[in-house]
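Novice: Position in the sequence shown (from 1) plus 1454 gives the number in the numbering used here.
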Amino acid sequence: MGNLQPLPERNLIVEAAFDGVVEYLEKCLVSPNPISIDIEMLRRTYVYTIALALSPWSAISFSFADFGDMQGVIIWRLLDRIFRTKRQIGQNYLTFDSCWLESLGFRPDPELVDDTLIRHHVLWLEFKHRLEFQTMQYTREPYYKDEGKTWRSRKGLKQLRLYNAKDAAVTYEIFLEQEKEFSDRPVSKRLYYEYEMPLARKMHAVERRGIATDPVKMEALRKHVVSELGICKKYISGEVGKPVGTDTKETKSMGSDCINIGSPAQVITMLKGLGLKVPIKRNASGAWGESSDKETLNVMFAETNNRVVKEILRIRELNKMLGTYINARKLNDILYCSYIIAGTVTGRRSSRSNYLNYGTNLQNQPEHSDLAKMFKECLVARPGKIFISCDQSGAEEWPVQALITDQGGDPSGLIDLRGGAKRHDILAAFIFGMPEDQCGKGTPQRFVGKKTRHAGSYGVQAATMSSAMAKEGFHVPVHQCEFFLTKFHEKEPDIQNVFQKYVENELIKNRRLETPYPINRERYFFGIRPYGSNNKKFKEAYSYIPQSTVGDCTGKAILYCETNKPGLVIMDKHDGIILETDDNEQAIKDGFELLRSAYDIELVFKNGTKINIPLEFQMGYTLKDMIEFSGANLKEIYDRKLNDRAVVV
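Shown next as structure tokens:
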């Protein structure tokens, strides 16, 4: 009969005098093992306590406020030596703790950091990565995270220090357990040590560069958005006969008889008052009810072409542009972006404002709308610099068609891609029964072909596709999307019969998918059921291999660029990179060759099918006015851009 494992016994030092702190820090400096580090903040503005752990069973926590100036200097110098010379362990360390330590003047070396959050992301993409979850998964430590929230004033400082020290010790224990898992899973170990953690260290530098903005253009865009918001509200107000505001703060000054577009309940009442049927859907808690979320409104617009619905959607788009991008905090007109290595279940980076709340999520900025173009015009190269942008051409389609070929399906799709065929044009011509030359770039037919291919490959339903089309301003009813998808699967039956079937079989047999070599990122899908429908999980899984593969190709390319010529990367675009380089022909040529080498990644699938995803290049002085170029016409395009800038100046 087995025995319960005993609860951990840890030596947590939280009331050490000056000599005790110095002694512990000196032990850290001579220890051959990593040091676990954790900080606690006061109102997220000041580093209040800091903890260091020599092992899972020994940690110390203290505050600088407890020591005088001379003692503080001695402790400070010891800590800085630890940060600069010792291998460090932390949870979310690179994007939080080390940033705040740098703000105090310390110099943590990112090359010496191992992050348990990123390690967990490599090992278990499907799980949550917060420390409390990992504590439950890897240790016998009883739940303690509330201890960090319930301490009060100086009398509760001992409780905060206990919590702080426990965090550092528990993180160390998690680190050691993860090492055991890496020993059992060498592919994941290689992914972490050779790619994911090195990339995290490089992105730590990339996110400190930011991208310059033109304050005059940004202010003009702000005024334009505010003006258009007024026009949209005026139209809706005229239709419903009541004043309209966009949030609670605005509507408070309008009196009780007004409509708050920011209130879902009031929007539903308003739409029903106009005689519109509001769809019912399941909310986040699982309950069914009428909804006015973005997807629902997009479906309503696609089905009814009602202008009030369109204006509500436009108001939300304008507010998003204003709040998330135009009004984002900037420092000296630089817009920053913090990249989260463990931000998605595909392995792609996510992004947000930085730890000081400067900047925004630049990866998901609008791409194709009128507002997107106006915003991109505000993002400018610094004086004496120029942007070089590169994208993986037909990015996610390459892994899809390669997998079909690798599994014995029809290889014609991959042959078309290798031959440079315009597959979106071909599909559009088939759907609409038109000549291919009338379905080229810039036509609505090609747009439909591209959207249909994306939706069909990933199992997207007609209603969701209709909503996505409406989001980009196209009124396409659900039944029309059903027709498009039917034609797509008629044209390319192996999407369902080979690609999607492969994904389904892998999940049923192994609950696991793995991307091609040399990345080999694996993801376990724990929601698969032996009985009943797994359609929802299947649809989630269809996109995993293509999106993860493309995102990791970009990640490996950034790692290559920052290793071989650091300082040029300023933006990660999921399927591409933006460099900012010196504004001369040689520097652009060097940047072009750097990107080509960075993306020279041969992807090998299980049965030996190999692909290299091709690239498309652009250059320009704003992210709006970018011109395509290649190695052959680089000089010609650069001379033209240089003349354009001379005219502007």
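No residue lacks a Cβ here, since even glycine has one placed at the ideal position from N, Cα and C. A quick note: this is a predicted structure, and the numbers were derived from the prediction, not measured.
Compare the C-beta of Ala1666 with all C-beta atoms of chain C and state if any pair is closer than 8 Å.
Specialist: Of the chains in the structure shown, none is chain C; there is only one protein chain.
Novice: Quick one: what does DSSP say Ser1843 is sitting in, helix, strand or coil?
Specialist: Looking at Ser1843 - three-state DSSP - the assignment turns out to be strand.
Novice: Please classify Val1680: is it buried, with 16 or more other beta-carbons within 10 angstroms of its beta-carbon, or exposed?
Specialist: Exposed, because fewer than 16 other Cβ atoms sit within 10 Å of the Cβ of Val1680.
Novice: Buried or exposed: which applies to Met1672, given that a residue is buried once 16 or more other Cβ atoms fall within 10 Å of its Cβ?
Specialist: Answer is buried; the Cβ neighbour count reaches 16.
Novice: For the ligand PLP, I want to know if Pro1898 counts as a neighbour, meaning its beta carbon is within less than 7 Å of at least one of the ligand's heavy atoms.
Specialist: Summarising the ligand content, the structure contains no ligands, and the ligand PLP is consequently not present.
Novice: State the start and end residues of the unbroken beta strand (DSSP E) segment that holds Arg1803.
Specialist: Taken as a continuous stretch (DSSP letters only), Arg1803 belongs to no beta strand (DSSP E), as it is neither H nor E.
Novice: Could I get the ranges of all uninterrupted beta strand (DSSP E) runs contained in the region 1600 to 1637, with 3 residues as the minimum, in chain order?
Specialist: Listed in chain order, nothing qualifies, since the region 1600 to 1637 has no complete beta strand (DSSP E) run of 3 or more residues.
Novice: How many angstroms separate the CA atom of Ile1880 from the CA atom of Gln1899?
Specialist: Rounded to whole angstroms, Ile1880 to Gln1899 spans 10 Å at the Cα level.
Novice: With H, G and I counted as helix, E and B as strand and the rest as coil, what does DSSP make of Ser1792?
Specialist: Looking at Ser1792 - three-state DSSP - the assignment turns out to be strand.
Novice: At what residues does the beta strand (DSSP E) containing Glu1944 begin and finish?
Specialist: It is not in any beta strand (DSSP E) - Glu1944 instead sits in the alpha helix (DSSP H) that spans 1932 to 1945.
Novice: Between the C-alpha atoms of Ser1710 and Gly1695, what's the straight-line distance to the nearest angstrom?
Specialist: Using only the alpha carbons, I get a separation of about 14 Å.
Novice: Compare the C-alpha of Thr1503 against each of Leu2033, Phe1518, Arg1497 and name the closest.
Specialist: Nearest option by C-alpha distance: Phe1518.
Novice: Alpha carbon to alpha carbon, what distance is there between Leu1785 and Arg2104?
Specialist: Not covered by the structure: residue 2104. The range shown for the chain is 1455 to 2103.
Novice: Mind pulling the alpha helix (DSSP H) runs of 4 or more residues that sit fully within the region 1655 to 1714?
Specialist: Listed in chain order, the complete alpha helix (DSSP H) runs (minimum 4 residues) inside the region 1655 to 1714 are 1669 to 1694, 1702 to 1706.
Novice: Give me the Cα-Cα distance between Leu1555 and Arg1561, rounded to the nearest whole angstrom.
Specialist: Roughly 7 Å separates the two Cα atoms.
Novice: Mind checking whether Val1762 and Ser1746 have CB atoms under 8 Å apart?
Specialist: No; because the gap between Cβ atoms is not below 8 Å, this pair is not in contact.
Novice: Who pairs with Phe2071 in a beta bridge, going by DSSP?
Specialist: Answer by DSSP bridge pairing, in chain order: Cys1844, Phe2083.
Novice: Have a look at the DSSP bridge pairing and note the partners of Asp1569.
Specialist: Gly1544, per the DSSP bridge assignment.
Novice: From Ile2091 to Ile2081, what does the alpha carbon distance come to, in whole angstroms?
Specialist: Their backbone Cα atoms lie some 7 Å apart in a straight line.
Novice: Could you tell me whether the Cβ atoms of Leu1683 and Val1576 are closer together than 8 Å?
Specialist: Not closer than 8 Å, so no.
Novice: Answer yes or no: do Thr1814 and Cys1791 have a C-beta to C-beta separation smaller than 8 Å?
Specialist: Yes, the Cβ-Cβ distance between Thr1814 and Cys1791 is below 8 Å.
Novice: When the Cβ atoms of the region 1981 to 1994 are set against those of the region 1876 to 1895, are three or more pairs found closer than 8 Å?
Specialist: Segments in contact, no.
Novice: Could you round the C-beta distance between Cys2015 and Ile2031 to whole angstroms and report it? I think they count as a contact, below 8 Å.
Specialist: Correct: roughly 7 Å between the Cβ atoms.
Novice: Who are Ile1504's beta bridge partners in DSSP?
Specialist: For Ile1504, which the question treats as bridged, DSSP gives the partners Ile1493, Phe1516.
Novice: Report the three-state DSSP secondary structure of Ser2002 (helix, strand or coil).
Specialist: Three-state DSSP puts Ser2002 in a helix.
Novice: Please state whether the Cβ-Cβ distance between Tyr1998 and Arg1977 is less than 8 Å.
Specialist: Contact flag set, yes.
Novice: For Val1567 and Lys1748, I'd like the C-alpha separation in whole angstroms.
Specialist: So the alpha carbons of these two residues sit roughly 41 Å apart.
Novice: Helix, strand or coil for Thr2035 per DSSP?
Specialist: Three-state DSSP puts Thr2035 in a strand.
Novice: Tell me whether Lys1955 sits in a helix, a strand or coil according to DSSP, three-state version.
Specialist: Reduced to three states, the DSSP call for Lys1955 is helix.
Novice: Which whole runs of the beta strand (DSSP E) in the region 1734 to 1776 are 3 residues long or more, in chain order?
Specialist: Counting whole runs of 3 or more residues, the region 1734 to 1776 contains the beta strand (DSSP E) stretches 1734 to 1736, 1742 to 1744.
Novice: What does the Cβ neighbour count give for Ser1818, buried or exposed, with the cut at 16 atoms within 10 Å?
Specialist: Per the sequence shown, the amino acid found at residue 1818 is Asn instead of Ser. The residue in question, Asn1818, is exposed, as its Cβ has fewer than 16 Cβ neighbours within 10 Å.
Novice: Are the region 1488 to 1498 and the region 1542 to 1558 touching, with three or more C-beta to C-beta distances below 8 Å?
Specialist: Cβ pair count under 8 Å is three or more, so yes.
Novice: Indicate whether Glu1831 and Lys2078 have their beta-carbon atoms separated by less than 8 Å.
Specialist: Against a cut-off of 8 Å, the Cβ pair of Lys2078 and Glu1831 comes out as a contact.
Novice: Between Asp1948 and the rest of its own chain, which residues show a CB-CB distance below 8 Å, the 5 nearest in sequence each way excluded?
Specialist: Excluding sequence neighbours, Asp1948 sits near Ile1858, Gly1863, Asp1864, Gly1867.
Novice: So does the region 1850 to 1857 actually touch the region 2046 to 2060, counting three or more Cβ pairs closer than 8 Å?
Specialist: Yes, they touch.
Novice: Going by DSSP in three states, Ile2024 sits in which element: helix, strand or coil?
Specialist: Of the three classes helix, strand and coil, the one that applies to Ile2024 here is strand, per DSSP.
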